[in-house]
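**Q** In the working numbering, the protein residues as written are 105 to 619. All residues carry an ideal CB built from backbone N, CA and C; glycine is no exception. Treat the numbers as computed from the prediction; the structure is a model and nothing was measured. Have a look at this one before I ask anything.
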Amino acid sequence: MPSLNDIANITILTAAAQVSRKGFGTALIFGGAAAAKYESALTTLYASPDEMIAKGYLATDPEYLAAVALKAQTPCPVNFKIGKRSNLPTQAITVTPTAKNLTAYSAVVDGLTATYTSYASGTVAEIVTGLKAAIDALAPSAWVKNHAYTKGDKVSQSGRRYTCITTGTSENSDSGGPTKAGNDVRSKDTTDGSAHWKFVGIVPTVTDGTTYLGVASPIAGEYFDFVVADFNLLRAQQSHADNAAATDLASIALADSDWYALVDCFPSFIAGGNGQTPAVVAWVESAGKIHGFSATDGGIPSAATDDVMTWLMAAGYTRTFGMFHPDASQFFDAAWFGARLPLDPGSETWAYCKLAGITAVQMTPAQQNYCTGAAATAYATGKACNIYVVIGGIAATWPGLVGAREFIDKVRGIDALKDEAQVDVYERIVSASSAGSKIPFTDAGISVIKAALAKALKKFSDLGFLTPGSTFVTAPAAADVASLDKQARVLTGVKAGGTIAGAVHELVATITLTY
105 MPSLNDIANI
115 TILTAAAQVS
125 RKGFGTALIF
135 GGAAAAKYES
145 ALTTLYASPD
155 EMIAKGYLAT
165 DPEYLAAVAL
175 KAQTPCPVNF
185 KIGKRSNLPT
195 QAITVTPTAK
205 NLTAYSAVVD
215 GLTATYTSYA
225 SGTVAEIVTG
235 LKAAIDALAP
245 SAWVKNHAYT
255 KGDKVSQSGR
265 RYTCITTGTS
275 ENSDSGGPTK
285 AGNDVRSKDT
295 TDGSAHWKFV
305 GIVPTVTDGT
315 TYLGVASPIA
325 GEYFDFVVAD
335 FNLLRAQQSH
345 ADNAAATDLA
355 SIALADSDWY
365 ALVDCFPSFI
375 AGGNGQTPAV
385 VAWVESAGKI
395 HGFSATDGGI
405 PSAATDDVMT
415 WLMAAGYTRT
425 FGMFHPDASQ
435 FFDAAWFGAR
445 LPLDPGSETW
455 AYCKLAGITA
465 VQMTPAQQNY
475 CTGAAATAYA
485 TGKACNIYVV
495 IGGIAATWPG
505 LVGAREFIDK
515 VRGIDALKDE
525 AQVDVYERIV
535 SASSAGSKIP
545 FTDAGISVIK
555 AALAKALKKF
565 SDLGFLTPGS
575 TFVTAPAAAD
585 VASLDKQARV
595 LTGVKAGGTI
605 AGAVHELVAT
615 ITLTY
């Protein structure tokens, strides 16, 4: 079966990559354990996060949090999809302190705060050890058998955290408890003797690496939220290894490719180009989708060069945009997609976008410059990292770039224009055939193809993606097409184009005042 590329082989020349896909307003949330548990198909369509709760997702699951961020925007996409993973990631965070004396170091783990105050001569090793002890202290007592539990009591078992929801006595067996064989360990009502439990999260494994702190999920696919109070003191890097993310994405796209924007619930980067994010970025580039990810690494707004944004910019990828935000659970990326996907491709800019539910990050001018570049040279310096900061008293996104310093709206607009042109040509060919006719290889037939291309260009001119009056379509006369091309029924020599309108993001002006 020929593809649209075979029937209407259109090339758009630009600095941005161009591969067409449908579903330009649809996001796919690429999840983890919950998706593997609750989804029977590789993709499932939802209209609201509430539908996910009804199906069995928990309000702490990353898929749910991403869906909430996506749908919180006005306007927002009508639907979204959840992608099912077979190869679950094991989430890990690497935390590196900057040593300061008599300073409080705090991190919030799934809503619980751990704090350690350094000595008068604070060292990195001391801070790592002290913060590890503080995080370990957040874990509830281990579950015990044949014990009277009261509603509200908290226990841990097999790396999971539970809250008692029905007063009772636990099972009198060493193999009992919330995680005993046969129990749904993620249930909201897990039976254990006469006591019932509610799964509320996991108990991260904390490792003292002397110069760094390792915080990891003990269970593949299970998510925990980790936020440092001050990214200037604690550099928290999402650092888990990739577990065949590209394989899972390829399977999902083979089953259902009618989506465009990818939200990754488990982004990660390991210096040197490893981790889940590089694998996802490479797949997205080849698949013609777009991908946004939110990174918590405090090294991004600094002179550090071992961060994911430095890597992404150097790699020159045109279909992925990264952003810095200390709280991954806010899903900056999903919120941004939610605010922009409902808009017609080519009609929008991704800069200066106000997002519901996303906290503006406080950064110094120097830190902002490390991310995006100085105001006058924002597209030539910095790490091409997007940020959400207060500009002129209003929180907004900036600058709206992919890793290769191309604008997100330009990449999306080109994709949509190509798809529109292909579909317009294809529809005319199919319509003629369905009516028992054909588009003849004559001047009249060629004019039909030219009209299809002109229609697509006009649409994107009307949307504001192309400059009005700049579009054109030319084609050879039928008599001038090579005989071999005519025999193969391939119309060659057709050219079309226009000028991308772009958008005004900054202004340089002079105001002269006189008496």
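With a 10 Å radius around its C-beta and 16 neighbouring C-beta atoms as the bar for buried, classify residue 236 as buried or exposed.
**A** Looking at its Cβ environment, which holds 16 or more other Cβ atoms inside 10 Å, residue 236 is buried.
**Q** Let me confirm a value: residue 513 is counted as buried when at least 16 other C-beta atoms fall within 10 Å, else exposed. Which label applies?
**A** Residue 513 should be labelled buried.
**Q** Looking at the structure shown, is residue 210 part of a helix, part of a strand, or coil, going by DSSP?
**A** In the structure shown, residue 210 sits in a strand (DSSP, three-state: E or B).
**Q** Please return the same chain residues whose Cβ sits closer than 8 Å to the Cβ of residue 273, not counting the five positions on each side in sequence.
**A** Contacts found: 250, 251, 252, 253, 297, 298 and 299.
**Q** Hey, could you find the ends of the alpha helix (DSSP H) residue 257 is sitting in?
**A** No alpha helix (DSSP H) contains residue 257, which DSSP labels as neither H nor E.
**Q** Only counting the same chain, and skipping five residues up and downstream in sequence, which positions put a Cβ closer than 7 Å to that of residue 105?
**A** Confidence is the limiting factor: at residue 105 the pLDDT is only 49, short of 50, which leaves the residue's position unreliable and the question unanswerable from this model.
**Q** Quick check: what's the CA-CA separation for residue 468 versus residue 437?
**A** Their Cα atoms are separated by approximately 22 Å.
**Q** With three or more C-beta pairs closer than 8 Å as the rule, is the region 471-481 touching the region 442-460?
**A** Verdict: no, contact absent.
**Q** Between which two residues does the beta strand (DSSP E) harbouring residue 159 extend?
**A** Looking at the DSSP string, residue 159 is not in any beta strand (DSSP E); the run it does join, the alpha helix (DSSP H), is 153-159.
**Q** Taking the DSSP output, what are the residues bridged to residue 570?
**A** Partner(s): 604.
**Q** With 16 other CB atoms within 10 Å as the buried threshold, where does residue 345 fall?
**A** Exposed, by the Cβ-count rule.
**Q** Could you check which residue in 260, 559, 451 and 238 has the C-alpha nearest to that of residue 301?
**A** Closest by alpha carbon: 260.
**Q** Taking the CB atoms as reference points, tell me whether residue 372 and residue 343 lie closer together than 8 Å.
**A** Contact: yes.
**Q** Smallest Cα separation from residue 490: which of 409, 529, 442 and 396?
**A** Checking every option, the nearest Cα to that of residue 490 belongs to 396.
**Q** Compute the beta-carbon to beta-carbon distance between residue 210 and residue 219, rounded to the nearest angstrom, for a pair I have assumed lies under 8 Å.
**A** Yes, they are in contact, since the Cβ atoms of residue 210 and residue 219 sit about 4 Å apart, within 8 Å.
**Q** How about residue 622 and residue 294: do their beta carbons lie closer than 8 Å?
**A** Residue 622 cannot be examined here, being either before or after the span of the chain that is shown, 105 to 619.
**Q** Under a Cβ-count criterion, where at least 16 other Cβ atoms within 10 Å of its own Cβ denotes burial, should residue 376 be classed as buried or exposed?
**A** When all chains shown are included, residue 376 counts as exposed.
**Q** In whole angstroms, give me the CA-to-CA distance for residue 409 and residue 144.
**A** Residue 409 and residue 144: Cα-Cα distance of roughly 42 Å.
**Q** Less than 8 Å between the beta carbons of residue 569 and residue 525, yes or no?
**A** No, Cβ-Cβ distance for residue 569 and residue 525 is not below 8 Å.
**Q** What would DSSP say about residue 301, mapped onto helix, strand or coil?
**A** DSSP places residue 301 in strand when its eight states are reduced to three.
**Q** For the candidate residues 168, 191, 508 and 478, whose alpha-carbon lies nearest to that of residue 353?
**A** Nearest C-alpha to residue 353: 191.
**Q** Could you check if residue 347 is buried or exposed, using at least 16 other CB atoms within 10 Å of its CB as the buried criterion?
**A** So residue 347 ends up on the buried side.
**Q** Leaving out the 5 sequence neighbours to the left and right, which residues in its chain are closer than 8 Å to residue 246 when beta-carbon positions are compared?
**A** So the list reads 259, 260 and 261, once near-sequence residues are dropped.
**Q** Tell me the DSSP bridge mates of residue 331?
**A** Answer is 212.
**Q** With 16 as the cutoff for other CB atoms within 10 Å, does residue 370 come out buried or exposed?
**A** So residue 370 counts as buried.
**Q** If we ignore side chains and look at the alpha-carbon of each, how far apart do residue 552 and residue 576 end up?
**A** Each residue's Cα considered, the two are about 15 Å apart.
**Q** Just to confirm, is the Cβ distance from residue 179 to residue 446 under 8 Å?
**A** Going by C-beta atoms, residue 179 is nearer than 8 Å to residue 446.
**Q** Specify, as a first and last residue, the run of the beta strand (DSSP E) that residue 201 falls within.
**A** Element bounds for residue 201: 196-201.
**Q** Between residue 584 and residue 558, what straight-line distance do the alpha-carbon atoms span, to the nearest angstrom?
**A** Rounded to the nearest angstrom, the two C-alpha atoms are 21 Å apart.
**Q** What's the call for residue 175, buried or exposed, on a 16-neighbour Cβ count within 10 Å?
**A** Buried.
**Q** Answer with buried or exposed for residue 634, where buried requires no fewer than 16 other C-beta atoms within 10 angstroms of its C-beta.
**A** Absent from the model: residue 634. The displayed extent of the chain is 105 to 619, so no value can be given.
**Q** At the level of alpha carbons, what is the spacing between residue 238 and residue 427?
**A** C-alpha separation (whole angstroms): 29 Å.
**Q** In the DSSP assignment, find the beta strand (DSSP E) that holds residue 168 and state where it starts and stops.
**A** Per DSSP, residue 168 belongs to no beta strand (DSSP E); it is in the alpha helix (DSSP H), 166-175.
**Q** Just to confirm the assignment: which complete alpha helix (DSSP H) runs, minimum length 4, are found wholly within the region 533-567?
**A** If we require 4 residues or more, the alpha helix (DSSP H) runs fully inside the region 533-567 come out as 547-566.
**Q** Using DSSP with H/G/I as helix, E/B as strand and the rest coil, what is residue 427?
**A** Strand.
**Q** What does the alpha-carbon distance come out to for the pair residue 156 and residue 128?
**A** Answer to the nearest angstrom: the Cα atoms are 23 Å apart.
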